[in-house]
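Chemist:
There are 2 protein chains.
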Amino acid sequence: MADSFATRLSDRVDRHGPLCVGIDPSGAVVRQWERADDVEGLEYVAQSTLEAAVDTAAAVKVQVAFFERFGSSGYRVLERVLSEAHSASLLVIADAKRGDVGSSNVGYAEAWLADRSPLAVDAVTASPFLGVGSLAPLLSQAHQTGRAVFVLAATSNDEGRAVQGAITDDGVPVEVSVLRAVATLNERGGLAGAGGAVVGATRARPAFDLSQLGGPLLVPGVGAQGATVERVERLLRGVPRGTFLVNVGRAILERGPLRLELRDAVRRWRDDLAEVFP
Amino acid sequence: MADSFATRLSDRVDRHGPLCVGIDPSGAVVRQWERADDVEGLEYVAQSTLEAAVDTAAAVKVQVAFFERFGSSGYRVLERVLSEAHSASLLVIADAKRGDVGSSNVGYAEAWLADRSPLAVDAVTASPFLGVGSLAPLLSQAHQTGRAVFVLAATSNDEGRAVQGAITDDGVPVEVSVLRAVATLNERGGLAGAGGAVVGATRARPAFDLSQLGGPLLVPGVGAQGATVERVERLLRGVPRGTFLVNVGRAILERGPLRLELRDAVRRWRDDLAEVFP
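Protein chains in written order, with my numbering: chain A, 172 to 449; chain B, 172 to 449.
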């Protein structure tokens, strides 16, 4: 890709604000939309949500788990959704939370961050349970191809604190240690902004100045998970516009299946975010 | 499935010992086998390794990252490999290291642990970065369908210590906290052995009595990653036979592509393990 992820993110947010729409076609949502929970139902929910996001949101985030439910058939649907999203110039994040030893992460880098892969996206989420160091193949592949990796730091769920709040050898919680490691890689490790982080809006603000990450931020937890846009604004105060995305998933999906309602829900979240991030 | 994972594991290990063969068709291995690194090369490496394991090993562990490299086409190969492995009565572990918030883990449970899924396996590996609590949908689905989840506790890579050695609110390292949480779920949470753990043979033995896990153990890191069978024996001293698997991946794969050589490598690892686990 010609531009870096940072440039594409900044351009999209300039035009549409920081809203990222979560494409989360769980069995529960498919059934709530009164469709059979099969690959056709999956594709219907995913494509309808995608259409509602076009020309209104900056990005979409696909939850890979819900496509994997149907094995290779689900992945074929995912490939079509990614292809449509790219055509519509939406930024696309795969919420895959991948993470393994380095040699296996080479495989995940090829899957999600290589130009020729059918699963290629603008950014993928990754889990640092095996150490931020183990994610090097993902991070360097992202840098080389103008993409990004959002490394989990502080996730939006309550149970996350058990591990993410544990104290590392440096005397700081895991979530801070992860943010520091990513910031260092961006600044001195040659990543130049390909290293991003996930910081949930539902949790207390980590003891780290988020404006110093040097890479993009993805903020989940807004809407159904309980965080308000005001809470997001407090979390991101001082972080430059155009360097973060705020994800809204279930709160939009539960407004389906009527397309007008869905589109209206996306517009309202965009407008709500525009009020606190003018 | 009729029997629990614990029963099937015990039966297989009785007959073949604790060897689990890693099916890791990375680009590097496919090229080392002098094949083009495409879906045909992927399938050739995976099926040849599988064949070498039949009638000799207790189990195979497929590294999902290397199939995901080719998107839905790679997953079709994976589905065929899983189907062949089931037919050959091998226990099959998907090394997927999945882990997300609970609502998304429902999707991963449907993918890997539901009878009708094309990706159904006997056990899947899962990452507790979002808390062991977030893995409840995977663990309960495993219990209900006679399967297991191997939760990452102490992984085999050096970088893993950064997070897994951090000290939790209980005053113990994350790896011990994870093992305790899984043991509690097995004993009092109704999981009855569906909760397993991954403990690498390359790391210092965690400060937890592994014989008290109440579920199966998966031990990677043997061979190419540096751990010897003697080291594995020390790690597992006191753990009952038939409740653990020792994975060997690259050290076998690098003996390919000749099938006789591969089969010979599998037999030798089986025999080496039989010496320390008679």
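Heads up, the beta-carbon is just placed ideally off N, CA and C, and yes, glycines get one too.
Would you mind stating whether B/L310 and B/G366 have Cβ atoms separated by less than 7 Å?
Modeler: For this step, residue 310 of chain B is matched to residue 139 along the second sequence. For this step, residue 366 of chain B is matched to residue 195 along the second sequence. Taking 7 Å as the Cβ cut-off, B/L310 and B/G366 qualify as a contacting pair.
Chemist: Could you tell me which of B/Y246, B/A207, B/L253, B/S244 sits nearest to B/T220, measuring between CA atoms?
Modeler: To locate residue 220 of chain B, count along the second sequence from 1; it is residue 49. When only C-alpha atoms are compared, the closest one is B/L253.
Chemist: What whole-angstrom Cβ distance do A/A378 and A/V353 have, given they're in contact under 8 Å?
Modeler: In the first sequence, counting from the first residue as 1, residue 378 of chain A sits at position 207. In the first sequence, counting from the first residue as 1, residue 353 of chain A sits at position 182. Their Cβ separation, rounded to whole angstroms, is 15 Å, which puts A/A378 and A/V353 out of contact at 8 Å.
Chemist: Please classify A/D208 as buried or exposed, where buried requires at least 16 neighbouring CB atoms within 10 angstroms.
Modeler: Looking up residue 208 of chain A in the first sequence gives position 37. When all chains shown are included, A/D208 counts as buried.
Chemist: Could you check the C-alpha separation between A/V292 and A/A177 for me, to the nearest Å?
Modeler: Reading the first sequence from its first residue, position 121 is the one you call residue 292 of chain A. Reading the first sequence from its first residue, position 6 is the one you call residue 177 of chain A. Approximately 14 Å between the Cα atoms of the pair.
Chemist: Which ranges would you report for the beta strand (DSSP E) in the stretch 185-250 of chain A if only whole runs of at least 3 residues count?
Modeler: The qualifying runs are 190-194, 230-234.
Chemist: Relative to the C-alpha of B/V303, which candidate in B/L323, B/P289, B/S288, B/L388 has its C-alpha closest?
Modeler: Counting from 1 along the second sequence, the entry for residue 303 of chain B is found at position 132. Here the closest residue by C-alpha is B/L323.
Chemist: For A/N357 and chain B, any beta-carbon pair shorter than 7 Å?
Modeler: Counting from 1 along the first sequence, the entry for residue 357 of chain A is found at position 186. A/N357 does not count as touching chain B.
Chemist: Quick one: give me the first and last residue of the alpha helix (DSSP H) that B/R373 is part of.
Modeler: The residue given as residue 373 of chain B occupies position 202 in the second sequence. The sequence given here has Thr at residue 373 of chain B, not Arg. Taken as a continuous stretch (DSSP letters only), B/T373 belongs to no alpha helix (DSSP H), as it is neither H nor E.
Chemist: Can you find a CB in chain B that lies within less than 7 Å of the CB of A/P289?
Modeler: Locating residue 289 of chain A in the first sequence gives position 118, counting from the first residue. Yes, A/P289 counts as interfacial toward chain B.
Chemist: B/L249 to B/V235, Cα distance in whole Å?
Modeler: As a first step, residue 249 of chain B is located in the second sequence; it is residue number 78 there, counting from the start. As a first step, residue 235 of chain B is located in the second sequence; it is residue number 64 there, counting from the start. Spanning the two alpha carbons is a distance of roughly 8 Å.
Chemist: So which residues of chain B does A/Q203 contact, with C-beta pairs closer than 9 Å?
Modeler: Locating residue 203 of chain A in the first sequence gives position 32, counting from the first residue. Here the premise fails: no neighbours, minimum Cβ distance about 13 Å.
Chemist: If you draw a straight line from the C-alpha of A/G420 to the C-alpha of A/R426, how long is it?
Modeler: For the purposes of this step, residue 420 of chain A is taken as residue 249 along the first sequence, with counting starting at 1. For the purposes of this step, residue 426 of chain A is taken as residue 255 along the first sequence, with counting starting at 1. Near 11 Å, if we compare the C-alpha coordinates of A/R426 and A/G420.
Chemist: On a Cα-Cα basis, can you pick out the residue from B/R269, B/V231, B/G273 that is closest to B/S258?
Modeler: The residue labelled residue 258 of chain B in the question sits at position 87 within the second sequence. Closest option to B/S258, Cα to Cα, is B/V231.
Chemist: Measure from the C-beta of B/R439 to each C-beta in chain A and report whether the shortest distance is under 7 Å.
Modeler: The residue labelled residue 439 of chain B in the question sits at position 268 within the second sequence. Answer no: the Cβ-Cβ gap between B/R439 and chain A never drops below 7 Å.
Chemist: Could you please tell me which residues of the stretch 301-318 of chain B, in chain order, have their CB closer than 8 Å to any CB of chain A?
Modeler: Per Cβ criterion, the list reads L301, G302, V303, G304, S305.
Chemist: Which runs of the alpha helix (DSSP H), 4 residues or longer, sit entirely within the stretch 314-377 of chain A?
Modeler: Listed in chain order, the complete alpha helix (DSSP H) runs (minimum 4 residues) inside the stretch 314-377 of chain A are 332-335, 345-359.
Chemist: Buried or exposed, going by whether 16 or more other CB atoms sit within 10 Å of the CB of A/D195?
Modeler: Start at 1 with the first residue of the first sequence, and residue 195 of chain A comes out as number 24. Flag for A/D195 reads buried.
Chemist: DSSP three-state call for B/V417: helix, strand or coil?
Modeler: Residue mapping note: residue 417 of chain B aligns to position 246 of the second sequence, counting from 1. B/V417 falls in the strand class under three-state DSSP.
Chemist: Roughly how many angstroms lie between the CA atoms of A/G270 and B/A333, to the nearest whole one?
Modeler: Sequence index remark: in the first sequence, residue 270 of chain A carries index 99 (1-based). Sequence index remark: in the second sequence, residue 333 of chain B carries index 162 (1-based). Going by the C-alpha atoms only, they are around 14 Å apart.
Chemist: Measure the CB-CB distance between A/R376 and A/L406 and report whether it falls below 7 Å.
Modeler: Along the first sequence, read from residue 1 onward, the residue named residue 376 of chain A stands at position 205. Along the first sequence, read from residue 1 onward, the residue named residue 406 of chain A stands at position 235. Yes.
Chemist: Between which residues of its own chain and B/L356 is the CB-CB distance below 6 Å, once the five residues before and five after are set aside?
Modeler: By one-based count along the second sequence, residue 356 of chain B stands at place 185. These residues qualify, in order along the chain: L362, G366.
Chemist: Specify, as a first and last residue, the run of the beta strand (DSSP E) that B/G386 falls within.
Modeler: Mapped onto the second sequence, residue 386 of chain B falls at position 215. Here B/G386 belongs to no beta strand (DSSP E), and DSSP marks it neither H nor E.
Chemist: Judging by CA-CA distance, which residue of A/D182, A/F300, A/A294 is the nearest neighbour of A/Q315?
Modeler: Within the first sequence, numbered from 1, the residue matching residue 315 of chain A stands at position 144. Considering only alpha carbons, the answer is A/A294.
Chemist: Is it right to say B/E211 is buried, meaning 16 or more other beta carbons lie within 10 angstroms of its own, or is it exposed?
Modeler: The residue labelled residue 211 of chain B in the question sits at position 40 within the second sequence. Exposed: under 16 other Cβ atoms inside 10 Å.
Chemist: Would the beta-carbon of B/K268 fall within 7 Å of that of B/S288?
Modeler: Start at 1 with the first residue of the second sequence, and residue 268 of chain B comes out as number 97. Start at 1 with the first residue of the second sequence, and residue 288 of chain B comes out as number 117. Cβ atoms of B/K268 and B/S288: not closer than 7 Å.
Chemist: Of all the options A/G273, A/S181, A/L284, A/V400, which has the alpha carbon lying nearest to the alpha carbon of B/F241?
Modeler: By 1-based counting over the second sequence, the position of residue 241 of chain B is 70. B/F241 has its Cα closest to that of A/L284, out of A/G273, A/S181, A/L284, A/V400.
Chemist: At what residues does the alpha helix (DSSP H) containing B/V437 begin and finish?
Modeler: Your numbering for residue 437 of chain B matches position 266 in the second sequence. Start and end: 430-447.
Chemist: Just reading off the alpha helix (DSSP H) that A/V400 is part of, what are its end residues?
Modeler: Within the first sequence, residue 400 of chain A is the residue found at index 229, counting from 1. Counting along the chain, the alpha helix (DSSP H) containing A/V400 begins and ends at 400-407.
Chemist: In chain order, what residues of the same chain have a beta carbon less than 7 Å from the beta carbon of B/G188, not counting five sequence neighbours either side?
Modeler: Within the second sequence, the letter at position 17 stands for residue 188 of chain B. Around B/G188: A229, R441, L444, A445, F448.
Chemist: What's the C-alpha gap between B/F415 and B/L389?
Modeler: As a first step, residue 415 of chain B is located in the second sequence; it is residue number 244 there, counting from the start. As a first step, residue 389 of chain B is located in the second sequence; it is residue number 218 there, counting from the start. Distance between the alpha carbons of B/F415 and B/L389: 6 Å.
Chemist: Per the DSSP calculation, B/L262 is bridged to which residue(s)?
Modeler: As a first step, residue 262 of chain B must be located in the second sequence, where it is residue number 91. For B/L262, which the question treats as bridged, DSSP gives the partners B/A230.
Chemist: Measuring alpha carbon to alpha carbon, tell me which residue in B/S305, B/D266, B/L180, B/L213 is nearest B/R251.
Modeler: Taking the second sequence and counting its residues from 1, one reaches residue 251 of chain B at position 80. Nearest of B/S305, B/D266, B/L180, B/L213 to B/R251, Cα basis: B/L213.
Chemist: State the DSSP-derived secondary structure class of B/G304, mapped to helix, strand or coil.
Modeler: Along the second sequence, read from residue 1 onward, the residue named residue 304 of chain B stands at position 133. Residue state, collapsed to three classes: helix.
Chemist: Got a sec: is the Cβ-Cβ distance from B/T399 to anything in chain A below 7 Å?
Modeler: Position 228 of the second sequence, counted from the first residue, corresponds to residue 399 of chain B. Judged by the 7 Å Cβ criterion, B/T399 is not in contact with chain A.
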